[in-house]
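Chains as they are written, first to last, in the working numbering: chain A, 1 to 368; chain B, 369 to 736; chain C, 737 to 1104; chain D, 1105 to 1472.
Number of protein chains: 4
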Amino acid sequence: MPEQTCSAAVLTNYQEPLELREFPVPDKIGAEEALVRVQMAGICGTDVHLWLGQLPIPLPVILGHETVGYIERLGPDLKKDWRGKPLTVGDRITWASSITCGECYYCRLKRQPTRCLYRKAYGISYCADEAPHLRGGYAQYILLRKGSAIFRLPDELLTEAVVGGGCALITAIHGLERAPVQFGDTVLIQGTGPVGLAALALARHSGAEKIIAIGAPDHRLQLAREFGADGVISIEHTLGPGERRRQVLDLTGGYGADLVVECVGYPSAVPEGLELCRDGGTYLVLGQYADAGDVAMNPHTITRKQLNVVGSWAFEPRHVHQALIFLNNTHWKELFAREVSHRFSLQQASEALETVRQHRSAKAVIVP
Amino acid sequence: MPEQTCSAAVLTNYQEPLELREFPVPDKIGAEEALVRVQMAGICGTDVHLWLGQLPIPLPVILGHETVGYIERLGPDLKKDWRGKPLTVGDRITWASSITCGECYYCRLKRQPTRCLYRKAYGISYCADEAPHLRGGYAQYILLRKGSAIFRLPDELLTEAVVGGGCALITAIHGLERAPVQFGDTVLIQGTGPVGLAALALARHSGAEKIIAIGAPDHRLQLAREFGADGVISIEHTLGPGERRRQVLDLTGGYGADLVVECVGYPSAVPEGLELCRDGGTYLVLGQYADAGDVAMNPHTITRKQLNVVGSWAFEPRHVHQALIFLNNTHWKELFAREVSHRFSLQQASEALETVRQHRSAKAVIVP
Amino acid sequence: MPEQTCSAAVLTNYQEPLELREFPVPDKIGAEEALVRVQMAGICGTDVHLWLGQLPIPLPVILGHETVGYIERLGPDLKKDWRGKPLTVGDRITWASSITCGECYYCRLKRQPTRCLYRKAYGISYCADEAPHLRGGYAQYILLRKGSAIFRLPDELLTEAVVGGGCALITAIHGLERAPVQFGDTVLIQGTGPVGLAALALARHSGAEKIIAIGAPDHRLQLAREFGADGVISIEHTLGPGERRRQVLDLTGGYGADLVVECVGYPSAVPEGLELCRDGGTYLVLGQYADAGDVAMNPHTITRKQLNVVGSWAFEPRHVHQALIFLNNTHWKELFAREVSHRFSLQQASEALETVRQHRSAKAVIVP
Amino acid sequence: MPEQTCSAAVLTNYQEPLELREFPVPDKIGAEEALVRVQMAGICGTDVHLWLGQLPIPLPVILGHETVGYIERLGPDLKKDWRGKPLTVGDRITWASSITCGECYYCRLKRQPTRCLYRKAYGISYCADEAPHLRGGYAQYILLRKGSAIFRLPDELLTEAVVGGGCALITAIHGLERAPVQFGDTVLIQGTGPVGLAALALARHSGAEKIIAIGAPDHRLQLAREFGADGVISIEHTLGPGERRRQVLDLTGGYGADLVVECVGYPSAVPEGLELCRDGGTYLVLGQYADAGDVAMNPHTITRKQLNVVGSWAFEPRHVHQALIFLNNTHWKELFAREVSHRFSLQQASEALETVRQHRSAKAVIVP
């Protein structure tokens, strides 16, 4: 009997179209592995960075780290999901994109598992040339390793909501755990991409008094309003940091925001954002995932304004749990599901990346 | 009867010698004021910045914001010091260098009194041309305003220890309150000037497991060892940030320090220091008091390393109290008193500033 | 010209009807004082404790510490409210019920102003026999001392919302500042009186995932649902702590709540509530304002369950500010205004207290 | 060849002498197991509770949960200790007494591994009738399970120091992580047993300004002074809580201590201790390991004094690491090693327990 195969969209050369390749679908899987038929894979902004070669990865790679699928085969020892719920073939699931070693200096001594020295992420860290190949979401099938944090999805939670929230929502949950909204806070969100909208939703949900979003283009500012922004400032319709600063000061009694959340990714957003915090406020650097080089900054600002500047990297499985709990809420579930604006086939994966690169979509997904 | 006068060293033009001027000694003082005969005034690194014109102040100014003196006259309503201890003429006292309004947005709503919108500091914010003139420590007399946080000094505490600790010690107490040493921490101190040595003493006293100091010149590195550094790295004998980073990684198992305290003041120390923190560690930006302009920094470092970067500005009266409590400790009292290495008369004030500027002293003081 | 007088309801003997007395309305007032014509005074549960003699106060006392009124006369030096807004005769205001000394061990060194050694509260700490007499809200006029934290009310905020929130809302804001709701928390509120409802509103507003309220009678449980409780448990319709505990465990996956807020005031609520926390959870003891004596508790519970048990006493002026900000929100403003269910004249003050004592009202107020 | 056997002291009936039994020494061990020849086993106060039947355990049990030994056989897959250091036969090691599941609600979602639902402790949770029997320290050999957190001991660290610190030191490290000493704190330690002395050492090391210890008998108060107490109060030489409270207030300016650490274990210590905290202070309930029943407490104290009451249960492997780091310090290493005052053979295990029960020893150990 011939071996079954499946398709996957593979990044083989930076900045070139993804290649559609065939890989064997494993017939026999390990004791704690799961073979998953992909239902929907989100296109994350990080995928664009990877595509453009801005983060080092072991090419070729099957991209895709925010995925929902159905269990096709289940290793004999994999009986429960990360929350202890029973798993069976056919269950609709999602999973944490990374696996940590649980044993290194960062996992054990410093309790910083997101900085695990041996962390590997689906859709990013696995070379597609190496068996079992299927380690990314832009594919018909993905094979989950032992140790993956799997979450069975409740029936009432649409796949669109889970992928619409995507890793942006989970990343923002971790970030705001490290720099929490406090009662009565004025919050400023820099950036209206998926991370920015997720941070906005979380700040609104956590009782922020006033939320201002800075971003572009206009269709995303409109989304920001729908997600609960009290005021929006357009990057396109302001002349520069000075004008934006004046607008923010006008909206904050002249002081700046209590909490500023950077969800932009361009280095220049950081010096701009530090000036948008009130003295003694908090600046969360949440969007600088790619190494885009240096920017001129004045460290005197941090001392004089007595700031707390907080970095946050990726997330842990418990943040996926929190995201699913948050999405239980009818209001947010619908907003995130509606964020899915563009659907592509596996063959159109490059087009999907290009759409995201040009900020044309709210959220683009691949339906293999 | 002729009016009594006294001498003060006045900064009249940036980068020029201080001028010795005569001012009237007030005969009658306000209900909650105190006239103080200066016993000793410390030369702070900030005084050098002021002298060089790196911070805007209302010239002419009598410098001096870390001072000990004797009460000469006491306003009728000033009966107790900040801690509630009775005050009488002849008492030896020190005082918090700043007065805050207690009513503004930062004082009231945000509890950030060091960022008070109307804060004024002795030796910095008062124009010597305006009566009552005597608002700085480089003088025979200083007149303390209503609302000054005065501390009567215990007999067993040498003036040299109080001025030796100076505002550096109090500033470091506030900084380490905002970024506390945690049990078992490896602490790296950037800078071996007065703030660096004070931070070192506090880290040692608070149970840091290992302390490394980076600084220069050699006589200050020797002091750092006396203050408890387990290892020192010389700026003068290393080739640059790369070599220093390798040495720090060697001393920290390859990870960097849990807590890095910047006590340098040059902007370039900040990007260097961020790289000396372990992932998930804390970076305290304590030394950037003067606005020395921009430096190239990579904000990706903050996100990727998941850092906490903390600024801290000046101090509150309760930190002066804590400093005096800390100096009660025989061990530290003696080390700080011994730090006073150079004594100058009022006439030699410019020479004193020059000595500090060239890092020739451990601690220089004026004895008027 | 005859001196003007006004009426006030005075507590002269514990557990006896309040007495209506006439007091002179001061014609001339101090430089930073304000004479206020009372518009509405809330009846707080603490007033019932005071009436019953469960807290020591200097009888006779004009009760009333949650009050809104109009400025009738303004001392010449009182130009701005606590937030810096200009004050003029005719302004509608409220004020923090207490004044602290700002100078004692707790105010200065330990930053615990609610534990100020010299704190005095309107409606509680002032003997009505001593001039100027008018220091409580159950009166036609009240004279505010120098140092009162006055808040001019925005026009769009109904007096009913401010008094409906009352000191319960402000107390709950302070309590939840000390024991904050964290993202995704299950919160249990013990008690559905004004403090319980306020804590419930704040937990809902702060993003609690699930909220359960335990209380009685049924009309208050209905209110709890309107304030956002996901589930309610009746004290009247359950057989005791054991049955309530089973119900709470059923609603929390068998673990108990992340945060339990005690808003009951009976000592027996505390040992019951400790058992309703999950291990590692937080228990906020917010309702034990009167000293109602001992209760049998097992301290092993605190060690074994690794709990955080947090007390919170009264509030600071900044919490009044936060309450007013919170009440800006249309949804909460209307709910708290609707809580005002019973209105009484000054003559009916004793009847008002009796109504509150019997839990017959949602919120009772005096309209002098 | 006959099977090798070894001796162990087994608790078979509460309050009766331990029984010396022979058990087979396993010849072949599992892939990640370690067979350890016991060098020294500490007698913990909890062992006395277990012996007296105050905590439910599955009799018969080989007691002993603070142990040092030499690796005799090593499973083929066990190559490194918990800190990543290579392990070989002959290495001297200690280990965390508990193993957690890493998967339950408390391990995963709430990050409270000490409250793991499936936690098992050597010397406590394993029935000696079940193979492989050797799961406690009062024995010639102990077999460590897969998943044990093993620590290879540095040569310069005496076994006496490790066992002298014992689980008391590690428990105190966890407790003071949850309720940290802050700069300038006055700390009161209730209890001068091993946990009290360890808490005292840690408070001293962490920069406490003043430390007072309450305890008995006199030889332990003398030890408390050697461990750094500034003042001691004898339970035996004071008339009761009232007199002790007066002494504590005298030593703390009339306010009470900033941090009170309960290391007693009797319920009555808790209401006494709450009254020894200053308002707004912290009370760490560290000693209530056995369920010794209820005590009368007044919860009004917690609200009125605005306290933080913190429970802490057991410890995690990282606290063992921190204890070993702390013991690196020459000063503390020697003090803890000197605490070992009584040595017993396996045959004398009951006598050892009796010695500890009567507080006759500083630290008693078994040398099998």
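Glycine included, every Cβ here is placed at the ideal spot set by N, Cα and C.
Have a look at the DSSP bridge pairing and note the partners of residue i.
i, result
"S98 (chain A)", "A:A121"
"R343 (chain A)", "A:V365"
"K1184 (chain D)", "D:P1190"
"S942 (chain C)", "In DSSP, S942 (chain C) forms no bridge with anything."
"Y106 (chain A)", "In the DSSP output, where bridge partners are listed per residue, Y106 (chain A) has none listed."
"V1129 (chain D)", "Partner(s): none; V1129 (chain D) has no beta bridge."
"L20 (chain A)", "A:A9"
"S234 (chain A)", "A:G215"
Strictly under 8 Å for the Cβ-Cβ distance: is residue i near chain A by that measure?
i, result
"G564 (chain B)", "no"
"Y473 (chain B)", "yes"
"K673 (chain B)", "yes"
Find the nearest neighbour of residue i within the set the options, judged by alpha-carbon distance.
i, options, result
"S1449 (chain D)", "D:V1142, D:V1165, D:E1330", "D:V1142"
"R847 (chain C)", "B:L568, B:E684, B:L525, B:S680", "B:E684"
"G621 (chain B)", "B:V688, B:M665, B:K578", "B:K578"
"S861 (chain C)", "C:Y874, C:I886, C:G838, C:S834", "C:S834"
"E702 (chain B)", "B:R711, B:V457, B:E384, B:E528", "B:E528"
"E545 (chain B)", "B:K453, B:R487, B:G679, B:C475", "B:G679"
"V261 (chain A)", "A:V181, A:L223, A:C107, A:H342", "A:V181"
"A935 (chain C)", "C:L880, C:L1022, C:A1050", "C:L1022"
"E390 (chain B)", "B:L502, B:M408, B:I397", "B:L502"
"E72 (chain A)", "A:A131, A:A269, A:L143", "A:L143"
"R1096 (chain C)", "C:R855, C:P1104, C:R1079, C:V984", "C:R1079"
"T922 (chain C)", "C:H941, C:L957, C:L995", "C:L995"
Mind checking if residue i is an interface residue toward chain C, Cβ cutoff 8 Å exclusive?
i, result
"R686 (chain B)", "yes"
Would residue i count as contacting chain D if we go by Cβ distances under 8 Å?
i, result
"L109 (chain A)", "yes"
"E524 (chain B)", "no"
"W82 (chain A)", "yes"
"F551 (chain B)", "yes"
"G432 (chain B)", "no"
Could you tell me whether any Cβ in chain B is nearer than 8 Å to the Cβ of residue i?
i, result
"F1419 (chain D)", "no"
"H955 (chain C)", "no"
"H1057 (chain C)", "yes"
Buried or exposed: which applies to residue i, given that a residue is buried once 16 or more other Cβ atoms fall within 10 Å of its Cβ?
i, result
"D1195 (chain D)", "buried"
"C44 (chain A)", "buried"
"T114 (chain A)", "buried"
"D647 (chain B)", "buried"
"L845 (chain C)", "buried"
"N1402 (chain D)", "buried"
"G293 (chain A)", "exposed"
"H1323 (chain D)", "exposed"
"H1067 (chain C)", "exposed"
"K85 (chain A)", "exposed"
Could you tell me whether the Cβ of residue i comes closer than 8 Å to any Cβ of chain F?
i, result
"N381 (chain B)", "Of the protein chains in this structure, namely A, B, C and D, none is chain F."
Can residue i be considered in contact with the ligand MN, in the sense that its beta carbon sits closer than 7 Å to one or more heavy atoms?
i, result
"D1131 (chain D)", "Absent from the structure shown: the ligand MN. Ligands present: none."
At least three beta-carbon pairs within less than 8 Å, the stretch 1287 to 1299 of chain D to the stretch 1318 to 1334 of chain D: The stretch 1287 to 1299 of chain D is in contact with the stretch 1318 to 1334 of chain D.
At least 3 beta-carbon pairs within less than 8 Å: the stretch 160 to 178 of chain A vs the stretch 232 to 242 of chain A: Judged by pairs of C-beta atoms under 8 Å, the stretch 160 to 178 of chain A does not touch the stretch 232 to 242 of chain A, as fewer than three such pairs exist.
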